[in-house]
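Chemist: Residue numbers (the working numbering): 58 to 184.
C-beta: ideal position from N, C-alpha, C; glycine also.
Remember, predicted model here, so these are calculated numbers, not experimental data.
Here is the structure:
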């Protein structure tokens, strides 16, 4: 809560909850964004470990708040739509889909989709 008050330029975090929400909505001009901030618990008075920068503080807080549950995993969905112009001037559209699931007790889908291509590129360069 103190972090949000500081980012809003408020001199004190001693402000009623609804007033803080109203000020945040005025700044963001979006009820949905304010709701997301509220859902993340950023308007609560719970103590948060203050680090070097507001970004470091927020990142640390969210890393604890958004950790996967025991059997949860992430998902990457990627779609490319390709337009083809053939030599006979015929046009065709094709779609390519990639769906990757993370492992519940292993690598995340994000680490697979970033790490594997990087590892392949390094291997190709070294070979």
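(1) Identify the continuous alpha helix (DSSP H) that holds residue 90 and give its terminal residues.
(2) Please determine, among 161, 126 and 140, the residue with the shortest C-alpha to C-alpha distance to residue 149.
(3) At what residue ranges does the region 152-183 contain a whole run of the alpha helix (DSSP H), taking only runs of 4 or more?
(4) Looking at residue 158: is its Cβ nearer than 8 Å to the Cβ of residue 132?
(5) Checking the sheet assignment: what are the DSSP bridge partners for residue 140?
(6) Candidates 175, 145, 125 and 60: which alpha carbon is nearest residue 111's?
(7) How about residue 65 and residue 84: are their beta carbons less than 8 Å apart?
(8) Could you spell out the range, first to last residue, of the alpha helix (DSSP H) harbouring residue 110?
(9) Taking only three categories from DSSP, how would you classify residue 85?
(10) Taking Cβ to Cβ, would you say residue 127 is nearer than 8 Å to residue 160?
(11) Can you tell me which of the three DSSP states residue 133 falls into?
(12) Just to confirm, is the Cβ distance from residue 91 to residue 99 under 8 Å?
(13) Using three-state DSSP, classify residue 124 as helix, strand or coil.
Modeler: Taking the structure as given:
(1) Its alpha helix (DSSP H) spans residues 88-96.
(2) With distances taken between Cα atoms, residue 149 lies closest to 140.
(3) Every unbroken stretch of the alpha helix (DSSP H) spanning 4 or more residues and falling wholly within the region 152-183 is given here in chain order: 166-183.
(4) Their beta carbons are under 8 Å apart, which means residue 158 touches residue 132 by this criterion.
(5) For residue 140, which the question treats as bridged, DSSP gives the partners 150.
(6) Cα-wise, what sits closest to residue 111 is 60.
(7) A contact, by the Cβ cut-off of 8 Å.
(8) Counting along the chain, residue 110 falls outside any alpha helix (DSSP H), and DSSP gives it neither H nor E.
(9) DSSP places residue 85 in the helix class (H, G or I) of the three-state scheme.
(10) No, these two residues do not count as a Cβ contact at 8 Å.
(11) In the three-state DSSP reduction, residue 133 falls in the strand class (E or B).
(12) No, the pair does not count as a contact, with Cβ atoms beyond the cut-off.
(13) Assigned with DSSP and collapsed to three states, residue 124 falls in coil, not helix or strand.
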